[in-house]
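Asker: Just so we're aligned, residue 186 is where the sequence shown starts under my numbering, counting upward by one.
Here it is: the structure, laid out below.
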Amino acid sequence: MNLNEPRELAPLLEAFLLASGKPQTLERLYELFEEGERPEPPVFKKALEMLRKSCEGRAFELKEVASGYRLQIRDRFSPWVGRLWEERPQRYSRAMLETLALIAYRQPITRGEIEDVRGVAVNSHIVKTLLEREWIRVVGYRDVPGKPAMFATTKGFLDHFNLKSLDELPPLADLREMETEPVLDFEDAPVPAHLQALADASLDPDAEPEAPRDETSFRTLLVELDSMEQGLKTDFDDLLRAEPEAEDGKGDDEV
């Protein structure tokens with residue numbers, strides 16, 4: 186096998202990615218070759234591009250996410266592929282998705298700041314669940330009384346939602362322009378199947394299924410959150426000087 190020939194290298198890279206079962210960085214793939222047989226970097230990249238093109242028209246694709254490259258089923262097949270598993274897919278509550286969306290778009294952000302935007306207290310189990318699934322992490326502590334933890338998303342979050350970086354999140358301004366449904370329409374479509382399918386991949390198979398509550402489209406949810414924030418009398422710079430603890434009068438979320 187001539188490893189400096191992209192046409193011969195491409196199927197070998199495909200074999201690596203199929204066997205690995207998880208994203209692989211360019212550096213990791215490069216390390217799999219012994220020094221004397223290692224392809225030149227331009228050949229390596231050309232082989233990956235050939236592999237990507239060879240997937241066109243097929244049920245799977247080569248996708249670069251935060252943790253590297255992986256071969257994955259195309260989004261449109263997710264509802265059917267999900268039938269391979271007997272377990273009922275876990276649904277995510279509106280409260281959990283709102284919390285995750287705010288962390289994704291406003292990071293680093295404290296629990297108190299999330300509560301100020303949403304107007305209700307964040308259930309501790311929501312934060313615990315997001316931390317356990319490794320979708321968020323603590324990146325520091327706000328220099329205000331109480332030293333509240335600041336949360337940000339992880340590579341695991343990007344991988345599960347099929348993103349290479351946070352730059353691939355749609356701008357909220359674009360979402361507002363696209364939004365045609367009335368805000369606060371609780372009869373809206375559910376979370377898109379491809380997002381739900383990707384999120385389901387991280388679930389503990391022994392976990393009890395979570396019943397859907399006030400499901401809404403991910404797009405509408407983000408538009409609502411942006412509207413909430415625009416309606417605040419203070420911005421996050423003001424919140425740096427405020428006590429982040431939730432007020433006693435705030436309600437509490439269901440998980």
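Built from N, CA and C at the ideal position, the CB exists for glycine as well.
#1: From this set, Glu-353, Arg-327 and Leu-316, which residue's C-alpha is nearest Thr-338's C-alpha?
#2: Return the CA-CA distance between Pro-355 and Gly-221, expressed in angstroms with no decimal places.
#3: Is it true that the CB of Val-250 sits closer than 8 Å to the CB of Asn-187?
#4: In chain order, what are the residue ranges of uninterrupted alpha helix (DSSP H) at least 4 long that sit wholly in the stretch 259–325?
#5: With which residues is Lys-248 paired in a DSSP beta bridge?
#6: Is there contact between the stretch 295–303 and the stretch 258–266, where contact requires at least three CB pairs shorter than 8 Å?
#7: Compute the beta-carbon to beta-carbon distance between Met-281 and Thr-314, rounded to the nearest angstrom, for a pair I have assumed lies under 8 Å.
#8: Hey, how far is the Cα of Asn-308 from the Cα of Tyr-326?
#9: Beta strand (DSSP E) containing Met-335: first to last residue?
#10: Contact check, Leu-198 vs Leu-214 under 8 Å by CB: the rounded distance?
#11: Quick test of your reading: Met-235 and Arg-192, contact by CB under 8 Å. State the CB separation rounded to the nearest angstrom.
Answerer: Let me lay it out:
#1: Counted from its first residue, the sequence shown places residue 338 at position 153. Nearest Cα to Thr-338 within the set Glu-353, Arg-327 and Leu-316: Leu-316.
#2: Taking the sequence shown and counting its residues from 1, one reaches residue 355 at position 170. Taking the sequence shown and counting its residues from 1, one reaches residue 221 at position 36. If you draw a straight line from the Cα of Pro-355 to the Cα of Gly-221, it comes to about 44 Å.
#3: For the purposes of this step, residue 187 is identified with residue 2 of the sequence shown, where counting begins at 1. For the purposes of this step, residue 250 is identified with residue 65 of the sequence shown, where counting begins at 1. In this structure, Val-250 does not lie closer than 8 Å to Asn-187 by Cβ.
#4: The alpha helix (DSSP H) runs of length 4 or more contained entirely in the stretch 259–325 are, from start to end of the chain, 263–266, 279–291, 296–303 and 309–317.
#5: Position 63 of the sequence shown, counted from the start, is the residue given in the question as residue 248. DSSP lists Arg-255 as partners of Lys-248.
#6: They do not touch, by the three-pair rule.
#7: Within the sequence shown, numbered from 1, the residue matching residue 281 stands at position 96. Within the sequence shown, numbered from 1, the residue matching residue 314 stands at position 129. About 7 Å separates the two Cβ atoms, so the contact holds.
#8: Taking the sequence shown and counting its residues from 1, the one referred to as residue 308 is at position 123. Taking the sequence shown and counting its residues from 1, the one referred to as residue 326 is at position 141. Computed Cα separation, rounded: 19 Å.
#9: Sequence index remark: in the sequence shown, residue 335 carries index 150 (1-based). Annotation for Met-335: the continuous beta strand (DSSP E) segment containing it runs 334–338.
#10: One-based indexing of the sequence shown puts residue 198 at position 13. One-based indexing of the sequence shown puts residue 214 at position 29. By a beta-carbon distance limit of 8 Å, Leu-198 contacts Leu-214. Their separation comes to about 7 Å.
#11: In the sequence shown, the residue the question calls residue 235 occupies position 50. In the sequence shown, the residue the question calls residue 192 occupies position 7. About 7 Å separates the CB atoms of Met-235 and Arg-192; that is less than 8 Å, so the two are in contact.
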